[in-house]
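First residue of the sequence shown: 39, per my numbering; consecutive thereafter.
These notes are about the structure you will find just below.
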Amino acid sequence: MTKVFSLRAARGATLGFDGKTLIHPKTIAAANAIFAPSSEEVTSARRIIAAHAEAIAAGTGIVVVDGKLIESLHVQSAQQTVALAEAIASLDHGSQS
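Here you go:
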């Protein structure tokens, strides 16, 4: 069951979906692993958030990160990425207690 689930979930992630409906607890870990942002994505998101905050503090609303102009929509997406990663991490840590 988990292998078929993982293949289907991975296909969904490749197509741009950000999650999958779960009906069995055994699929939670696989879904979290497949749909969680990578450590590189989280690092990039944190850099975008920090750079934008520094630009706002300096009185400018414009910032470039890795050669890309960052706007509010990018910051919102970065915040969602970090929030998702933190939510999954807290679930993973909570299940070990």
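A virtual CB, placed ideally from N, CA and C, is assigned to each residue, including glycine.
Should residue i and residue j be called a contact, given that it needs their Cβ atoms to be closer than 7 angstroms?
i	j	result
residue 137	residue 80	The structure shown has nothing for residue 137, since the chain only spans 39 to 135.
residue 119	residue 63	no
residue 91	residue 101	no
residue 88	residue 72	no
Could you have a look at residue i and say whether DSSP puts it in helix, strand or coil?
i	result
residue 41	helix
residue 64	helix
residue 138	Lying before the first or after the last residue shown, residue 138 is absent from the chain, which here runs from 39 to 135.
residue 115	helix
residue 129	helix
residue 122	helix
residue 135	With a pLDDT of only 43 at residue 135, under 50, the local geometry of the prediction cannot be trusted, and no value is derived from it.
residue 73	helix
residue 57	coil
If you follow the beta strand (DSSP E) that residue i is part of, which residue opens it and which one closes it?
i	result
residue 100	Residue 100 -> no beta strand (DSSP E), and no H or E assigned at all.
Terminal residues of the continuous alpha helix (DSSP H) containing residue i?
i	result
residue 81	77-95
Can you check whether the C-beta of residue i is within less than 7 angstroms of a C-beta belonging to chain B?
i	result
residue 80	Checking the listed chains, one finds no chain B in this structure; it contains a single protein chain.
Using a 10 Å radius around the Cβ and a threshold of 16 neighbouring Cβ atoms, would you call residue i buried or exposed?
i	result
residue 68	buried
residue 135	Caution applies to residue 135, whose pLDDT of 43 falls short of 50 and renders its modelled position unreliable; the value that the coordinates give is listed next. Flag for residue 135 reads exposed.
residue 167	With the chain covering only 39 through 135, there is no way to say anything about residue 167.
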